[in-house]
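*Asks:* This is the structure, below, for whatever I ask next.
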Ligand code: CAA
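Structure follows, in structure tokens:
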């Protein structure tokens, strides 16, 4: 059955792969994006998936954005909180703004999107929320106090909200990707990345589509008994 699904940060990288996969599952997919107009337009031209622009770290903008999507397409039944940024640096170097931006967007975005959509899902008796966490929220990562804290927070947020949604047929799960071949990972200095890849038992970076397949399962009818869990898709880099 086709449902209305929204993917934040949906026009690039992992988000774009998730959008395409959910579209192939027969859903009406909406991509949210924050900044890159050119990529968003190219994505819509390629896929036919409509892209809506707002900053998921902005509470009011998220409420307004989701309300607009619902006016245009109907109730949102599936939310994939994928939008995220990095501001890497050791604690000595990261600024208060680097800390705040990452927490506000990566973790705050999950809260804002849930505030906009979770109550409606509960009222209708069906919903799926998938939050994209990270291996670095599970294991920590040198130079990522902000990102690791936000992603770790996502895993806690997921387990708490799952308990609220369970009796209403709303599942809330997380996926913890490892290092995936995206622009974000490409920004890691090559020498550092080489050392990281050397520690991945599968011996390569993951592909965005490999995360999208996990989302497809968690958002399907078959995923109904799975809630509050974290699906690790990381090539064996961290066994949690
Ligand atoms: N453990 C211990 N020490 C480490 C280390 C580690 N993992 N990595 C670096 N160091 C040490 C270095 O050896 C160096 O020590 P010396 O000064 O004694 O030689 C010192 O720390 C400084 O290292 P850098 O030269 O790398 O420092 P920098 O300030 O130039 O850069 C950094 C720091 C920005 C954190 C850089 O190391 C970096 O980009 N690291 C990668 C961070 C990372 O993995 N980000 C993931 C982004 S992708 C993502 O987040 C997606 C996802 O979900 C997986």
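In our numbering, the protein residues as written are 9 to 248.
Note that the Cβ used here is the ideal one computed from N, Cα and C, for glycine as well.
1. Is residue 16 closer than 8 Å to residue 23 when the C-beta atoms are compared?
2. Does ligand 1 have a heavy atom nearer than 7 Å to the CB of residue 155?
3. DSSP state of residue 160, grouped into three classes?
4. Cα separation between residue 194 and residue 188?
5. Can you give me the C-alpha to C-alpha distance between residue 54 and residue 47, rounded to a whole angstrom?
6. At which residues does the beta strand (DSSP E) containing residue 143 begin and terminate?
7. Hey, could you find the ends of the alpha helix (DSSP H) residue 106 is sitting in?
8. Taking the beta carbon of residue 64 as the centre, do at least 16 other beta carbons fall within 10 Å, making it buried, or is it exposed?
9. Quick check: does the Cβ of residue 219 come within less than 7 Å of any heavy atom belonging to ligand 1?
10. Does the CB of residue 188 have a neighbour CB from chain D at under 8 Å?
11. CB-CB under 6 Å to residue 86, same chain, minus the five flanking residues each way: which ones, in chain order?
12. I need the boundaries of the beta strand (DSSP E) containing residue 28, first residue and last residue.
13. Just to check, is the beta-carbon of residue 152 closer than 7 Å to a non-hydrogen atom of ligand 1?
14. For residue 80, does the three-state DSSP call read helix, strand or coil?
15. Cβ-heavy atom distance between residue 105 and ligand 1 below 7 Å?
16. Which same chain residues, not among the five before or five after residue 83, have their C-beta less than 7 Å away from its C-beta?
17. Counting along the chain, where does the beta strand (DSSP E) carrying residue 138 start and finish?
*Replies:* The relevant details are as follows:
1. Cβ atoms of residue 23 and residue 16: closer than 8 Å.
2. yes
3. Correct three-state label for residue 160: helix.
4. Cα to Cα, residue 194 sits roughly 9 Å from residue 188.
5. 10 Å
6. Careful: residue 143 lies outside any beta strand (DSSP E), inside the alpha helix (DSSP H) at 143 to 147.
7. 104 to 110
8. buried
9. no
10. The question asks about chain D, but that chain is absent: this structure has only one protein chain.
11. 11, 13, 136, 227
12. Where residue 28 is concerned, there is no enclosing beta strand (DSSP E), although the alpha helix (DSSP H) it sits in stretches over 21 to 32.
13. Within the chosen limit of 7 Å, ligand 1 reaches the beta carbon of residue 152 through at least one heavy atom.
14. helix
15. no
16. Answer for residue 83: 12, 128, 132, listed in chain order.
17. 135 to 140 is the extent of the beta strand (DSSP E) around residue 138.
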